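All you need for our numbering is the position in the sequence shown, starting with 1, plus 26. The C-beta atom is built at its ideal place from N, Cα and C for all residues, glycine as well. Quick caveat, the model's predicted, so the values are computed rather than measured. A quick write-up on the structure given underneath.
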Amino acid sequence: MTTFADLNLDPRVLQAVSEAGYQTPTPIQAQAIPHAIAGRDVLGIAQTGTGKTASYTLPMITLLSSGRARARMPRSLVLAPTRELAAQVAENFDIYAKHTKLTKALLIGGVSFKEQDMLIDRGVDVLIATPGRLLDHFERGKLLLTGVQIMVVDEADRMLDMGFIPDIERIFQLTPFTRQTLFFSATMAPEIERITNTFLSNPAKIEVARAATTSETIDQRLVLFTPSRRDHAFAEKRAMLRALITAEGDGCTNAIVFCNRKLDVDVVAKSLKAHGFNAAPIHGDLDQSVRTKTLDDFRDGRLRLLIASDVAARGLDIPAVSHVFNFDVPSHCEDYVHRIGRTGRAGRSGVSITIATPADEKYLAAIEGLIKQPIPRVAAPEIVFDDRPDRGEHRQPRSRHQGRDDRRGPREDRSRDDRPREDRARDDRAPPSAAEALPVIDPIGAEALPPPRRDDRREPRRDDRQGDRRREPRRDDHRHEAPVVGMGDHVPDFILRSFAPLAAASGD
Ligand code: AMP
27 MTTFADLNLD PRVLQAVSEA GYQTPTPIQA QAIPHAIAGR DVLGIAQTGT GKTASYTLPM
87 ITLLSSGRAR ARMPRSLVLA PTRELAAQVA ENFDIYAKHT KLTKALLIGG VSFKEQDMLI
147 DRGVDVLIAT PGRLLDHFER GKLLLTGVQI MVVDEADRML DMGFIPDIER IFQLTPFTRQ
207 TLFFSATMAP EIERITNTFL SNPAKIEVAR AATTSETIDQ RLVLFTPSRR DHAFAEKRAM
267 LRALITAEGD GCTNAIVFCN RKLDVDVVAK SLKAHGFNAA PIHGDLDQSV RTKTLDDFRD
327 GRLRLLIASD VAARGLDIPA VSHVFNFDVP SHCEDYVHRI GRTGRAGRSG VSITIATPAD
387 EKYLAAIEGL IKQPIPRVAA PEIVFDDRPD RGEHRQPRSR HQGRDDRRGP REDRSRDDRP
447 REDRARDDRA PPSAAEALPV IDPIGAEALP PPRRDDRREP RRDDRQGDRR REPRRDDHRH
507 EAPVVGMGDH VPDFILRSFA PLAAASGD
């Protein structure tokens, strides 16, 4: 069996790996690292949870450990689709490079340009960025990509979902032709294949797990649920979710609840909170500081239930999640695999519970076809549905304020979203329509939600929104459901932390 010592890694990297508690390389590490160390391009087909981050960070640190960064010319570049993933990669670098003097900078939206410029000006070995933010810096003339020796593209399939492929192509063209490219994707869509054929040179192709595989450590269950009344469907489904969570008892230490639509993410989170559950939402419209805090709370055990959209949650590495609840059956069968893969990681056991309505039949069939097994049906718990009008659960006024749902047909179809994945990703990133931004009657407590703030001048989150470069969001286009908190210059420590004091690297 391959050991880390067999992989030709720098001794300082080996020491950090051993201190991280890793005993043996994962399959992607064992296969990718030797090629990367030898300077070859690598095409890794691997999901998160396989150890793919270390499979490119360890050789990068080894290769970069000799040599020195020049001002504004990073020596390597890691592109990640979202801020959270970029921050996660940066944390990994901190762990593996702690015995070296390499420096890094993290370029993500929601962080002031000034601080990031300062780091780049001093010269960094590793630049970790979301594509939009990287191009922002480039266009401001603050960054040169001609010194990039190693370029990593992580979660390329997700970049595709989010419309970042043109940005990636542009970034490839700005880096030297002679660079080494390490490219990772969970799936190989034709567009991804085209990119790799164009920009990778005779890559070592490594595939460790097919997207269709679900971990055997996950106890998958399906609850068939038929609402008693059409106009109650959404509220009854929320009651069903509560009953399912409660039935899991203390065994459900923490859980991610997936909804198909970001509007529902907010409503479900609010509803759970109103019923005394420790829950918070995460989706692309929330301010970065709120997203970071919510994720930190979830990782550190202060938050039990994270209510999420696919786009916001995919790829996040939260090692110990006991349960995944699919409030909605995903319309795209691969999303099912990605969702339930949030639990049962690293050999731990996990439970996934999916609520399916009769309307979900064809989507279920697609999922079961993909994973090549039926999802075991379990009995639905009794639900307590409070039908009193003052709870407001089913008395949503039918007004234009309800936004898109009203245009989409019957109420119980609100969770179904059949649009292509790119469109859904865009929806998760795009500012709300004017109709959505108007005050609505809170379906949980029948309170009027606060009107949208008009004085907020937060910076558009370009890295998560490829389209923003062409279309600035309207100033009054704010979501109604989340308080918007500007991050200003306050940035969490881990985001700005470097491997070693910069002074050491620059010899000050
Ligand atoms: P990733 O696929 O990069 O998101 O990694 C998933 C998780 O596996 C992370 O929490 C890593 O810390 C962990 N990990 C990475 N490599 C190893 C290894 N060789 N042994 C044990 N855990 C690892």
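- Not one heavy atom of ligand 1 is found less than 7 Å from the C-beta of K124.
- Two segments are said to touch when three or more pairs of C-beta atoms, one from each, lie closer than 8 Å; by this definition the stretch 60 to 80 touches the stretch 200 to 209.
- At a cut-off of 3 residues, the continuous stretches assigned as beta strand (DSSP E) that sit fully inside the stretch 285 to 355 are 305 to 308, 331 to 334 and 349 to 352.
- Annotation for T52 indicates a beta carbon within 7 Å of some heavy atom of ligand 1.
- In terms of Cβ geometry, N34 and I71 do not form a close pair [threshold 8 Å].
- Exposed is the label assigned to K140, since fewer than 16 other Cβ atoms lie within 10 Å of its Cβ.
- Cβ contact annotation for L40 (same chain, cutoff 7 Å, sequence separation greater than five): F30 and A31, in chain order.
- Sequence-distant Cβ neighbours of M214 in its own chain, meaning closer than 7 Å and more than five residues away, are I71.
- Residue environment: K398 is assigned as exposed (fewer than 16 neighbouring CB atoms within 10 Å of its CB, all protein chains considered).
- Inclusion of A281 and L321 in the CB contact set at 8 Å is not warranted, their separation being larger than that value.
- Annotation: T88 to L298 spans about 47 Å, alpha carbon to alpha carbon.
- Counting along the chain, the unbroken alpha helix (DSSP H) around E217 starts and ends at P216 to F225.
- A distance below 6 Å between beta-carbons, with the five flanking residues on each side excluded, links I379 to the following residues of its chain, in chain order: R247, L270 and F351.
- When the beta-carbon positions are compared, T252 and P384 come within less than 8 Å of each other.
- Annotation: A97 is outside any alpha helix (DSSP H) and is labelled neither H nor E by DSSP.
- If only uninterrupted beta strand (DSSP E) runs of at least 3 residues are considered, those enclosed by the stretch 51 to 94 are 68 to 71.
- In the DSSP assignment, E45 falls within the unbroken alpha helix (DSSP H) covering P37 to E45.
- For A155, the pairing in a beta bridge is given by DSSP as L105 and L133.
- When DSSP assignments are scanned along the stretch 185 to 213, the uninterrupted stretches of beta strand (DSSP E) that are 3 or more residues long and fall wholly within it turn out to be 206 to 211.
- Contact annotation, I333 with V283: C-beta distance approximately 5 Å; criterion of less than 8 Å satisfied.
- Taking the CA atoms as reference points, D151 sits about 6 Å from S102.
- Between Q73 and R365, the alpha-carbon positions lie close to 12 Å from each other.
- The residues I54, Q55, A58, I59 and G70, in chain order, have a CB closer than 7 Å to that of S81 in the same chain once the five nearest residues on each side in sequence are set aside.
- Where M144 is concerned, there is no enclosing beta strand (DSSP E), although the alpha helix (DSSP H) around it starts and stops at F139 to R148.
- Set against 7 Å, the gap from the CB of Y82 to the closest heavy atom of ligand 1 is not smaller.
- Taking S138 as reference, the option from Q314, G376, A405 and L390 with the minimal CA-CA separation is Q314.
- Buried is the label assigned to T108, since at least 16 other Cβ atoms lie within 10 Å of its Cβ.
- Shortest Cα-Cα distance from E274 to any of P51, R328 and S348 involves S348.
- A direct Cα-Cα distance of roughly 32 Å separates A346 from I176.
- Using a Cβ distance threshold of 8 Å, M27 and T50 count as a contacting pair.
- Close CB contacts of S44 within its chain, under the 8 Å cut and outside five residues either way in sequence, are with F30 (chain order).
- In this structure, ligand 1 has a non-hydrogen atom nearer than 7 Å to the beta-carbon of Q55.
- In its chain, beyond the 5 residues on either side, H61, R66 and V68 have a beta carbon closer than 6 Å to the beta carbon of A230.
- By the CB criterion at 8 Å, A338 and G376 fall outside the cutoff.
- Look at G75: its beta carbon is less than 7 Å from one of the heavy atoms in ligand 1.
- Per DSSP, the unbroken beta strand (DSSP E) holding A382 starts and ends at G376 to A382.
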